[in-house]
Amino acid sequence: MPNLLSREFSRRSAGALACGALLLLPLTGVARESPQSTVGIHALPAEVRTTLDRIRAGGPFPYPRDGVVFGNRERLLPPKPQGYYHEYTVPTPGERTRGARRIVCGGAVATLSECYYSDDHYRSFRKIQP
């Protein structure tokens, strides 16, 4: 009888560990290393296009934090070395602060070849397609 109980305990423990591991995946970013979708540039608000024009021209930027290194701590963008990504504010009409909208570009920033849009302050990203 003790052998039957220990087998049942082991089976349940293994199941609980597997469930716990599945629950932790989203927190580690393992399952979320790339943007969920893409979006065409013309489907985005006009302010996004204005910000992209400023990025391409190298400025001027309306906010002091525009162009700073984006750390990708959320791990939602493809993993790259520190300093690869830079963030820019997309103004929100009627908002007195920077708001939640951002563009994050990687690589040769001025080429706009790898830019992502977030309208929820880095909770999600969509890759911008020209």
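Sequential numbering of the sequence shown, starting at 96, is according to the numbering used here. Even glycine gets a Cβ: it sits at the ideal position worked out from N, Cα and C. Because the structure is a prediction, the values reported are computed rather than measured.
Exposure label - residue i; buried when at least 16 CB within 10 Å
| i | result |
| --- | --- |
| residue 190 | exposed |
| residue 147 | buried |
| residue 215 | exposed |
| residue 184 | buried |
| residue 211 | buried |
| residue 180 | buried |
| residue 163 | exposed |
| residue 208 | exposed |
Beta-carbon proximity check, residue i vs residue j, cutoff 8 Å
| i | j | result |
| --- | --- | --- |
| residue 197 | residue 132 | no |
Residue-chain proximity (residue i, chain C), Cβ-Cβ < 8 Å
| i | result |
| --- | --- |
| residue 155 | Of the protein chains in the structure, only one exists, and it is not chain C. |
Beta-ladder partner(s) of residue i, from DSSP
| i | result |
| --- | --- |
| residue 165 | 180 |
| residue 222 | 133 and 211 |
| residue 199 | 182 and 211 |
Cβ-based neighbour list, residue i, same chain, cut-off 7 Å, excluding 5 preceding and 5 following
| i | result |
| --- | --- |
| residue 158 | 184 and 193 |
| residue 201 | 175, 179, 180 and 209 |
| residue 154 | none |
| residue 204 | 150 and 181 |
Nonlocal neighbours in the same chain, by C-beta distance under 6 Å from residue i, ignoring five residues either side
| i | result |
| --- | --- |
| residue 199 | 165, 180, 182 and 211 |
| residue 206 | none |
| residue 187 | 194 and 196 |
| residue 169 | 217 |
| residue 161 | 183 and 184 |
| residue 152 | none |
Neighbourhood of residue i by C-beta, 8 Å cutoff - its chain only, sequence neighbours within 5 removed
| i | result |
| --- | --- |
| residue 143 | 136, 185, 196, 198, 212 and 223 |
| residue 106 | Confidence in residue 106 is poor, its pLDDT being 47 and thus under 50, which makes the residue's placement too unreliable to answer from. |
| residue 134 | 212, 221, 222, 223 and 224 |
| residue 139 | 212 and 223 |
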